[in-house]
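Just so you know, the sequence shown maps onto residues 1 to 328 in our numbering.
Ideal Cβ positions, reconstructed from N, Cα and C, are used throughout, including at glycine.
Since the structure is predicted, the reported quantities are computational estimates derived from the model, not experimental observations.
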Amino acid sequence: MKTEILKIRNKNPEISKIRKAAKIIKNGGIVIFPTETVYGIGADALNPEAVKKIFKIKNRPSSIPLTVHIAELEILYSIVEEVPDIVEKLVRKFWPGPLTIILKKKKIIPDIVTGYLPTVGIRMPSNEIALSLIKEAKTPVAAPSANIFSHISGISPEDVIEEFSGKVDLIIDGGTPEFGIESTVLDLTKKPAKILRPGALTKEELEKYLEVKISKNPKKYKVSSSEKTFLILVKDGSPEKVLKILEKYKNRKVGILTYEENKKNYENFNYKVVGSKKNYRECAKNIYKILREFAREKYEVIIAEGIKEEGFGLSIMDRLKKIAKIIC
Ligand code: TXA
Ligand code: MG
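Structure, rendered in structure tokens:
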């Protein structure tokens, strides 16, 4: 298949280009598009044949549900059974934005979209390209993150072109997403509500509105196409521990993932800085980018310093734990 790559402005996107992409979705095709979190691989959520293609292209098991993206609040009422007051309050506050909510679905959402679960994950993205694409397609858009199953999410046009060229109808090159890490997934069918995946909306922000619990998620990720890259997470982030581990792997190509404040400890080694500990949001934005760089440069071992599990730190640590082969 020939994949068209279409550059679109992420502010005031060119409407003729958006219409072209929307038409592909409407006709049952697959479009990769940017959101404010990561790139998504999208199809018409009401077209089971189109949705099936996403599972196939991503090599994703059919039991893992896809997120449905909407552009207007009214659509929420047409796809879920019930919208309790607290949910209404949450979405009015955080949408459009990086919050995915899980509620009981109506029949209109095909079972294949939700991995045959009675619930559906829904999100209204704030990225202008994503929003106008969904609006123009005049249908909810099922879109998981644009990555092969179990790899980390694509966060740049280069990432998604590398993984999906020749496999989808269209890739929209819409620049770099604002957050660089996925949305927070909140299961509102449980009491208290459960964070199934910490992401670009912090637990602390949500807790201003409702009580939330964090669920344990044993899922594992790989760093992009480099399945050989082996990550060791040093939970407390101590440079002494990192240096000790480094000693063990000195015959391998080893890279250290560190922060501005700690880099001076590694002057004689290969390291990459994800940001300053004073700005976890910036670190979250860089984490996948740096991990992909390590993989592209064929590092065999990454030793990653851990950080505090608060704010965006919780999401960073969640991803590092999912990627790590050893946590110490
Ligand atoms: O930021 C994001 O959420 C991106 C962009 C493209 O919107 N999307 C994304 O989708 O990360 P995906 O499918 O890669 O991750 C969504 C997560 C999955 O782990 C899925 O299992 C969970 O949300 N999820 C979706 N619907 C669910 C449901 N009904 N029940 C439980 N988990 C659900
Ligand atoms: Mg994903």
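For TYR288, which three-state DSSP category applies?
-> Position 288 of the sequence shown, counted from the start, is the residue given in the question as residue 288. Helix.
Tell me, to the nearest whole angstrom, how far the beta carbon of PHE149 is from that of LYS58; I am working on the premise that it is less than 8 Å.
-> By one-based count along the sequence shown, residue 149 stands at place 149. By one-based count along the sequence shown, residue 58 stands at place 58. Confirmed, Cβ separation roughly 5 Å.
Taking LYS104 and THR119 to be in contact with their CB atoms under 8 Å, please state how far apart those CB atoms are, rounded to whole angstroms.
-> On the sequence shown, position 104 is the one that residue 104 refers to. On the sequence shown, position 119 is the one that residue 119 refers to. Yes, they are in contact, since the Cβ atoms of LYS104 and THR119 sit about 6 Å apart, within 8 Å.
Burial state of LYS213 (16 or more Cβ within 10 Å) | As a working note, residue 213 is residue 213 in the sequence shown. Burial call: exposed.
Any heavy atom of ligand 1 closer than 6 Å to the Cβ of THR184?
-> Position 184 of the sequence shown, counted from the start, is the residue given in the question as residue 184. No, ligand 1 has no heavy atom inside 6 Å of this Cβ.
Any alpha helix (DSSP H) of 4 or more consecutive residues that is wholly inside the region 207-283 | 239-248
Alpha helix (DSSP H) segment containing PRO198, residue limits = Along the sequence shown, read from residue 1 onward, the residue named residue 198 stands at position 198. Unbroken run through PRO198: none, as it is neither H nor E.
Compare the Cα-Cα distances from LYS219 to each of THR35, LEU73, ILE109 and LEU320 and report the closest residue.
-> As a first step, residue 219 must be located in the sequence shown, where it is residue number 219. When each option's Cα is compared against that of LYS219, the closest is LEU320.
CB-CB length for THR3 against VAL274, believed under 8 Å | Here residue 3 refers to the residue found at position 3 of the sequence shown. Here residue 274 refers to the residue found at position 274 of the sequence shown. Wrong, their Cβ atoms sit about 31 Å apart, outside the cutoff.
Verify the contact flag: SER276, CB atom, against every heavy atom of ligand 1, threshold strictly below 6 Å.
-> As a first step, residue 276 is located in the sequence shown; it is residue number 276 there, counting from the start. No, the beta carbon of SER276 sits no closer than 6 Å to any heavy atom of ligand 1.
Starting from LYS135, trace the alpha helix (DSSP H) both ways and give me its first and last residue.
-> Along the sequence shown, read from residue 1 onward, the residue named residue 135 stands at position 135. Run containing LYS135: 128-137, per the alpha helix (DSSP H) assignment.
Cβ-based burial, GLU305 [other Cβ within 10 Å; buried from 16] | As a first step, residue 305 must be located in the sequence shown, where it is residue number 305. So GLU305 ends up on the buried side.
Taking ALA193 and GLU182 to be in contact with their CB atoms under 8 Å, please state how far apart those CB atoms are, rounded to whole angstroms.
-> One-based indexing of the sequence shown puts residue 193 at position 193. One-based indexing of the sequence shown puts residue 182 at position 182. Actually they do not touch by this definition, with Cβ atoms about 18 Å apart.
Are the region 290-302 and the region 197-211 touching by the rule of at least three beta carbon pairs closer than 8 Å?
-> no
Give a single yes or no on whether SER145 has its beta carbon closer than 6 Å to a heavy atom of ligand 1.
-> If you number the sequence shown from 1, residue 145 lands on position 145. Yes - ligand 1 has a heavy atom lying nearer than 6 Å to the Cβ of SER145.
Cβ-heavy atom distance between LEU188 and ligand 1 below 6 Å?
-> Position 188 of the sequence shown, counted from the start, is the residue given in the question as residue 188. No - ligand 1 has no heavy atom lying nearer than 6 Å to the Cβ of LEU188.
Might you give, ordered along the chain, the residues of its own chain that have their beta carbon closer than 6 Å to the beta carbon of ARG281, omitting 5 neighbours on each side?
-> Sequence index remark: in the sequence shown, residue 281 carries index 281 (1-based). These residues qualify, in order along the chain: PHE312.
List the whole-angstrom C-beta distance separating ILE152 from TYR221, where the pair is believed to meet the contact cut-off of C-beta under 8 Å.
-> Position 152 of the sequence shown, counting from 1, holds the residue named residue 152. Position 221 of the sequence shown, counting from 1, holds the residue named residue 221. With a Cβ gap of about 5 Å, ILE152 and TYR221 count as contacting.
For VAL83, does the three-state DSSP call read helix, strand or coil?
-> On the sequence shown, residue 83 is found 83 positions in, with the first residue counted as 1. Here VAL83 sits in coil by DSSP.
My understanding is that LEU117 touches LEU186, with C-beta atoms under 8 Å, so please give their C-beta distance in whole angstroms.
-> Start at 1 with the first residue of the sequence shown, and residue 117 comes out as number 117. Start at 1 with the first residue of the sequence shown, and residue 186 comes out as number 186. Between LEU186 and LEU117 the Cβ distance is about 15 Å, and since that is not below 8 Å, they are no contact.
Within 6 Å: the Cβ of VAL38 and any heavy atom of ligand 1?
-> Translated into the one-based positions of the sequence shown, residue 38 becomes position 38. VAL38 Cβ: within cutoff of ligand 1.
Among LYS11, LEU231 and ALA142, nearest to ILE30 - alpha-carbon criterion | Taking the first residue of the sequence shown as position 1, residue 30 is located at position 30. Nearest option by C-alpha distance: ALA142.
Sequence-distant residues of its chain with Cβ nearer than 6 Å to VAL301 (five each side left out) | Your numbering for residue 301 matches position 301 in the sequence shown. If we look at VAL301 and ignore the five residues flanking it on each side, its Cβ neighbours are PHE230, TYR249, ARG252 and VAL254.
Could you name the residues of the same chain whose beta carbon sits closer than 7 Å to that of SER156, not counting the 5 residues immediately before and after it, in chain order?
-> Here residue 156 refers to the residue found at position 156 when the sequence shown is read from its first residue. Excluding residues within five positions, the ones whose Cβ falls inside 7 Å are THR176.
Sub-7 Å separation of PRO140 and VAL38 beta-carbons | As a working mapping, residue 140 is identified with position 140 in the sequence shown. As a working mapping, residue 38 is identified with position 38 in the sequence shown. Against a cut-off of 7 Å, the Cβ pair of VAL38 and PRO140 comes out as no contact.
Spatial neighbours of ALA71 within its chain, please: CB distance less than 6 Å, with the 5 preceding and 5 following residues excluded, ordered by chain position.
-> Taking the sequence shown and counting its residues from 1, the one referred to as residue 71 is at position 71. LEU131, ILE134 and LYS135, listed in sequence order.
Looking at the unbroken alpha helix (DSSP H) that takes in VAL111, where does it start and where does it end?
-> Against the sequence shown, residue 111 aligns to sequence position 111. The sequence given here has Asp at residue 111, not Val. ASP111 -> no alpha helix (DSSP H), and no H or E assigned at all.
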